[in-house]
Amino acid sequence: MKNWFSEGGSIRNIGGVLAQRKLTRSIISALRVAGKSYEWLHSETNTWIPMSEYDAEIGIFCKRIPLKKRQRKPYSGL
Numbered sequence: 003m004k005n006w007f008s009e010g011g012s013i014r015n016i017g018g019v020l021a022q023r024k025l026t027r028s029i030i031s032a033l034r035v036a037g038k039s040y041e042w043l044h045s046e047t048n049t050w051i052p053m054s055e056y057d058a059e060i061g062i063f064c065k066r067i068p069l070k071k072r073q074r075k076p077y078s079g080l
């Protein structure tokens, strides 16, 4: 008899991978809408790839998208 409870870990891993790809696509979409350029780290070649018109593989091969913090003015108080 097969133990169905042992399958839970692999299902969670698949769910995590799909969620990561969806989040990556959402971040890329938000950057494009905002008019921000970006580059991403390819997981297999370990090279930085600049933004392009066709980034279909980014969800599969993206390892990292660096985000820069915005410079904020110091709070002067009242």
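Position 56 (the sequence shown) corresponds to 58 in our numbering; numbering is contiguous.
Think of the CB as a built atom: it goes at the ideal place given N, C-alpha and C, for glycine as much as any other residue.
Straight-line Cα distance separating residue j from residue i
i: Ser28; j: Gly37; result: 14 Å
i: Ala58; j: Thr49; result: 17 Å
i: Lys65; j: Trp42; result: 7 Å
i: Glu55; j: Ile13; result: 33 Å
i: Leu33; j: Val19; result: 21 Å
i: Ala21; j: Asn15; result: 10 Å
i: Leu25; j: Tyr40; result: 15 Å
i: Ser31; j: Gly17; result: 21 Å
i: Val35; j: Met53; result: 13 Å
i: Leu69; j: His44; result: 16 Å
Where the alpha helix (DSSP H) through residue i begins and ends
i: Ile51; result: Unbroken run through Ile51 is the beta strand (DSSP E), Trp50 to Pro52; no alpha helix (DSSP H).
Burial state of residue i, where buried means 16 or more other Cβ atoms lie within 10 Å
i: Ile62; result: exposed
i: Ile60; result: buried
Cβ neighbours of residue i in the same chain (closer than 8 Å, five flanking residues each side left out)
i: Glu46; result: Phe63
Next item on the list: Taking only runs that begin and end inside the stretch 10-67, name each unbroken alpha helix (DSSP H) of 4 or more residues, in chain order.
Entry: Runs of the alpha helix (DSSP H) inside the stretch 10-67: 10-35 and 60-63.
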